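Notes follow once the structure below has been shown.
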Amino acid sequence: MNAYRAKPLSFPWPPLVYGAAVLMALVLARLYPIPVAHGDGWTPWLVGGAMILAAISLDLWAVKTLLERHTAVLPHRCATCLVTCGPFRFTRNPIYLGYTLAMIGLGLMTLNPWFFIMAIGAVVVMTLFAIRNEERHLLSRFGFEFERYCRHTTRWL
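Below is the structure:
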């Protein structure tokens, strides 16, 4: 049996990557603050809050869709079916996209530019070390069906 077919991901576990990125943004803001023009005090807070709500909604919708299809939600478990409905119609990684939107929302709410920088870093790490392995797993399990899905659905946006 193909190794990718058996297990999609052992490390890094995505919530830990994003959790580390949030902690790094907070630490870097304390050690090396980046000055920000404040402008209208409520606008960044409201937009950031809306982004966080959208991120939570996207994540919940994606998890609900995976559970309804009786396939793995956790990235280190083997997929039992290829899910192409719900938020997966628009992006191949709605949960990771939700995590990224939440980081950007936190950056807006706190006016901390390090959140934006760390969000970009988390996207790079996720793409290189997690998403590529997950995609190899899905390709080995679902073959042409997954290739067709990839041609019609973007990885992030």
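Going left to right, the sequence shown walks through residues 816 to 972 as the numbering used here numbers them. Glycine residues also receive a C-beta, built at the ideal position from the N, C-alpha and C atoms. Since the structure is predicted, the reported quantities are computational estimates derived from the model, not experimental observations.
Option in the options with minimal Cα separation from residue i
{"i": "ALA870", "options": "GLY834, THR915, VAL940", "result": "THR915"}
{"i": "GLU960", "options": "VAL898, VAL851, TRP828", "result": "VAL898"}
{"i": "LEU954", "options": "CYS893, LEU882, ILE910", "result": "CYS893"}
{"i": "LEU882", "options": "THR895, HIS891, ALA836", "result": "THR895"}
{"i": "THR942", "options": "TYR911, LEU873, TRP876, LEU861", "result": "TYR911"}
{"i": "GLY834", "options": "HIS853, SER872, ALA917", "result": "ALA917"}
{"i": "TYR847", "options": "ARG947, VAL832, ILE932, ARG970", "result": "ILE932"}
{"i": "THR858", "options": "LEU972, ARG947, GLY920, ARG951", "result": "GLY920"}
{"i": "THR968", "options": "TRP876, GLY913, PRO830, ARG907", "result": "ARG907"}
{"i": "PRO830", "options": "TRP860, THR886, ALA945, ILE849", "result": "ALA945"}
{"i": "GLU950", "options": "HIS885, ILE935, PRO890", "result": "PRO890"}
{"i": "ILE935", "options": "PHE957, ASN948, TRP971", "result": "TRP971"}
Residue i - DSSP class collapsed to helix/strand/coil
{"i": "THR886", "result": "coil"}
{"i": "THR925", "result": "helix"}
{"i": "MET816", "result": "At MET816, the pLDDT of 49 sits below 50, so the modelled position is not reliable and the matter cannot be decided from this model."}
{"i": "TYR833", "result": "helix"}
{"i": "LEU954", "result": "helix"}
{"i": "VAL981", "result": "There is simply no residue 981 to check, as the chain begins at 816 and stops at 972 in what is shown."}
{"i": "TRP860", "result": "helix"}
{"i": "PHE961", "result": "helix"}
{"i": "LEU897", "result": "coil"}
{"i": "TRP876", "result": "helix"}
For residue i: DSSP bridge partner residues
{"i": "THR969", "result": "THR906"}
Assumed close pair residue i, residue j - CB separation to whole angstroms, cut-off 8 Å
{"i": "VAL878", "j": "VAL888", "result": "6 Å"}
{"i": "ALA937", "j": "ALA836", "result": "4 Å"}
{"i": "GLY913", "j": "ASP874", "result": "4 Å"}
{"i": "VAL940", "j": "VAL832", "result": "5 Å"}
Problem - Touching by the beta-carbon criterion (3+ pairs, under 8 Å), the stretch 903-922 and the stretch 950-968 - result: yes
Exercise for the section: Could you tell me whether the stretch 828-842 touches the stretch 921-936, using the rule of 3 or more Cβ pairs below 8 Å? Expected result: yes
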